[in-house]
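For what it's worth, the numbering used here labels the leading residue of the sequence shown as 7, then goes sequentially. Reading through the structure tokens given below for one structure.
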Amino acid sequence: MLADDLRACGADQQAVDRLTSLVGRADAKTWWAPWANVVPDWFRTYVGLEGLADTAFVFESMVVPGLLQTEEYAQALTLGTGFVRPDHAERFVSFRQTRARRLTDEEPMTLHAVIGEAALRLRVNGEETRRAQLRHLAAMSELPNVTVQVLRPEDGPHAAGAIGKFVLLDFAHVRPIAYTEVLDGAMYVQDPDGVRTYSMVSDNLRQVALSPAESRALITELAGAR
Numbered sequence: 007m008l009a010d011d012l013r014a015c016g017a018d019q020q021a022v023d024r025l026t027s028l029v030g031r032a033d034a035k036t037w038w039a040p041w042a043n044v045v046p047d048w049f050r051t052y053v054g055l056e057g058l059a060d061t062a063f064v065f066e067s068m069v070v071p072g073l074l075q076t077e078e079y080a081q082a083l084t085l086g087t088g089f090v091r092p093d094h095a096e097r098f099v100s101f102r103q104t105r106a107r108r109l110t111d112e113e114p115m116t117l118h119a120v121i122g123e124a125a126l127r128l129r130v131n132g133e134e135t136r137r138a139q140l141r142h143l144a145a146m147s148e149l150p151n152v153t154v155q156v157l158r159p160e161d162g163p164h165a166a167g168a169i170g171k172f173v174l175l176d177f178a179h180v181r182p183i184a185y186t187e188v189l190d191g192a193m194y195v196q197d198p199d200g201v202r203t204y205s206m207v208s209d210n211l212r213q214v215a216l217s218p219a220e221s222r223a224l225i226t227e228l229a230g231a232r
């Protein structure tokens, strides 16, 4: 299925073989098997790659990235969007929380997240859920392997203006892969020129956004605001 999708996107056979090999290695570690019936195939592919990545750059304009979400925030967001069946929501959130352990295990992944200020102000469930999420985000940003930057409207235009979300995954022995979602699936970009474009966008976002220290201060301030 993945190979067919990649070919349809114009990937050459070498690129198809490389990505499917990566996913095959990830699938061998089927820690996510208990959640198989609530996670779509296209997202399992991403989770497998995420589990193999050494570093990840994430841009989210409207919500807190999944690996940095609290359980309550994730539950409210999952139920509110309607993309997950209500009877699957609790297990889907459990799956997301298990993924987040990748940031705190013995060999943690390095995460750099740039988050739109709108995500920090989004009313999810209730005000306490939002504030608890912001406190958690500030605490996670203190980890040595986690960097969080906030992108405010007043910081001016940036290269991701037309992109609501994307991820750039880096691996030890293979070229990086960019990932972005559509409503009912995902796109995997592995062509060097395409990945380079996403890398340039990520560099621009780092430059335009508040510094990590300024971002943490803003997050902490908003966590205390009523």
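Idealized CB from N, CA, C, for every residue including glycine.
query                                                                                                                        : result
Beta-ladder partner(s) of Glu66, from DSSP                                                                                   : Ile121, Lys171
Element boundaries [alpha helix (DSSP H), containing Met193]                                                                 : Element bounds for Met193: not the alpha helix (DSSP H) but the beta strand (DSSP E), 191 to 195.
Chain-order list of residues whose beta-carbon lies under 7 Å from that of Ala166 (same chain, five-residue window excluded) : Phe65, Val207, Leu211
Assigned secondary structure, Val188 (DSSP; H/G/I helix, E/B strand, else coil)                                              : strand
Residue range of the unbroken beta strand (DSSP E) whose run includes Val154                                                 : 152 to 157
Identity of the residue in Ala62, Phe63, Gly132, Ala125 nearest Ala82 by Cα                                                  : Gly132
Counted within 10 angstroms of its Cβ, other Cβ atoms place Ala119 as buried (16 or more) or exposed                         : buried
Inter-residue CB distance, Leu157 and Val214 (contact presumed, cutoff 8 Å)                                                  : 6 Å
For His164 and Val152, the rounded distance between their alpha carbons                                                      : 22 Å
Same chain, Cβ closer than 8 Å to Met146, neighbours up to 5 away in sequence not counted                                    : Leu74, Leu109, Val152, Val154
Status (buried if at least 16 other CB within 10 Å, exposed otherwise) for Gly122                                            : buried
contact_flag[the segment 170 to 187, the segment 217 to 226] where n(CB pairs < 8 Å) is 3 or more                            : no
Rounded separation between Thr104 and Glu77 - CA only                                                                        : 10 Å
Cut-off 6 Å between Cβ atoms - residues of its own chain near Arg222, not counting five sequence neighbours on either side   : Ala144, Ser147
Alpha helix (DSSP H) segment containing His142, residue limits                                                               : 133 to 146
Straight-line Cα distance separating Leu174 from Met193                                                                      : 12 Å
Inter-residue CB distance, Asp60 and Thr135 (contact presumed, cutoff 8 Å)                                                   : The pair is not a contact, with the Cβ atoms about 32 Å apart (cut-off 8 Å).
Simplified DSSP state of Asp111, which is helix, strand or coil                                                              : coil
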